[in-house]
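Worksheet: one structure, shown below.
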Amino acid sequence: MDIKHMIYFMEIVKTGSMTKASENLYISQPTISKLLRDLEADLGVELFDRHKRNMILTDAGRAFYDQAKEIVRLYKNLPMEMDNLLGVKRGHIKIGIPPIMNVTFFMQILGEFHDCYPNITFQLVENGSKRIEEGIENDEMDVGITVLPTETERFHHFFILEEQLKLVVPRGHALSGRERVDLAELKEEPFLLFNEDFVLNDRIIESCKIAGFNPQISGESSQWSFIEQMIVANLGISILPTSIIAMLKEDVESIAIEHPSISWQLAIIWKKNSYTTFVTKEWLKFTKEKLIFEQGIKGE
3 MDIKHMIYFM EIVKTGSMTK ASENLYISQP TISKLLRDLE ADLGVELFDR HKRNMILTDA
63 GRAFYDQAKE IVRLYKNLPM EMDNLLGVKR GHIKIGIPPI MNVTFFMQIL GEFHDCYPNI
123 TFQLVENGSK RIEEGIENDE MDVGITVLPT ETERFHHFFI LEEQLKLVVP RGHALSGRER
183 VDLAELKEEP FLLFNEDFVL NDRIIESCKI AGFNPQISGE SSQWSFIEQM IVANLGISIL
243 PTSIIAMLKE DVESIAIEHP SISWQLAIIW KKNSYTTFVT KEWLKFTKEK LIFEQGIKGE
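First residue of the sequence shown? That's 3 in my numbering, and the numbers climb one at a time after it.
Here it is in structure tokens:
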């Protein structure tokens, strides 16, 4: 067995077909079929259930796939890791970011890191916390920003910030001019929320239930700017983090929420029980130190 067997096997799993896998790998189907038979002979187990129409993994196949995926990832990262050990320090980081936070300070840290490591490139993937966690779990992202609590058995994390959430209404709304509002007063209001990929959606709905009602959801979006436009168009009200509210235009108003108040905590997460590249470790260390330093200054 060699790395080629694992790569071919993973392609069969990915495509669900030896025909498609052979096309993607530019080899003949008889060749890939023989490689699969050889691999099963080496392991002494069947990796696919051949009694079914599609290529379905057996229990042994699923266990081997998990191990093969990690081995192939390490193999592909090996040249970059050797460069890092020799002091070249180059690579690529995929970072999941929710489009629901003010990223100004985060981008400043990213810029400072790039100044120190100009050969490291970035890909920023915008998505809700749930999709970011899935992406990290499936090795589609290296790290991400998500809402706490997260699943500590699957992810390492460190805290970034905590913010209060406030009610946002259009100017001229019946609640305009109020400094505070009880959440129960919003029972009859149409809500504009982020879509189901966002933990914030769950947090707001749960808080409304605690206040004694199920919110009437009139619209959803994955972008805070669209929610702002819907508010201005009198399509409903929303509940947003204070850092986002600071970026809104003057034709909306924000009001503090009580009974219960609503807040969220953000954290950077990365996968547990998995190899973390040198580049990702360096970025995590750098970012954590910068955040600790900044929070220390604010606390003085």
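Using N, Cα and C, we set each Cβ at its ideal position, and we do this for glycine too.
Per DSSP, the continuous beta strand (DSSP E) segment holding glutamine 218 begins and ends at 218–223. By the Cβ-count criterion, threonine 152 is buried, with 16 or more other Cβ atoms from all chains shown falling within 10 Å of its own Cβ. The alpha helix (DSSP H) runs of length 4 or more contained entirely in the segment 220–283 are, from start to end of the chain, 226–234, 244–247. Taking C-beta atoms as the reference points, alanine 62 and valine 47 count as a pair closer than 7 Å. Counting along the chain, proline 192 sits inside the beta strand (DSSP E) bounded by residues 192–196. Cβ contact annotation for cysteine 118 (same chain, cutoff 8 Å, sequence separation greater than five): Phe288, in chain order. Remark: C-beta atoms of histidine 7 and leucine 49 do not approach each other more closely than 7 Å.
Short of 6 Å from the beta carbon of leucine 242, and not among the five residues preceding or following it, lie these beta carbons of its own chain, in chain order: Val170.
The beta carbon of glutamate 165 is closer than 7 Å to those of Pro243, Thr244, Ser245, Ser265, Trp266 in its chain, skipping five residues each way along the sequence. The beta carbon of arginine 133 is closer than 7 Å to those of Asp199 in its chain, skipping five residues each way along the sequence. Fewer than three Cβ pairs drawn from the segment 277–291 and the segment 186–196 lie within less than 8 Å of each other, which leaves the two stretches out of contact. Per DSSP, the continuous beta strand (DSSP E) segment holding isoleucine 97 begins and ends at 93–99.
In the assembly as shown, methionine 20 is a buried residue. Its beta-carbon has 16 or more other beta-carbons within 10 Å. Taking the Cα of glutamate 230 as reference, the smallest distance to any Cα among Pro172, Ser209, Glu83, Ile259 is reached at Pro172. In the structure shown, the three-state DSSP call for lysine 189 is coil. When secondary structure is reduced to three states using DSSP, phenylalanine 115 falls in the helix class.
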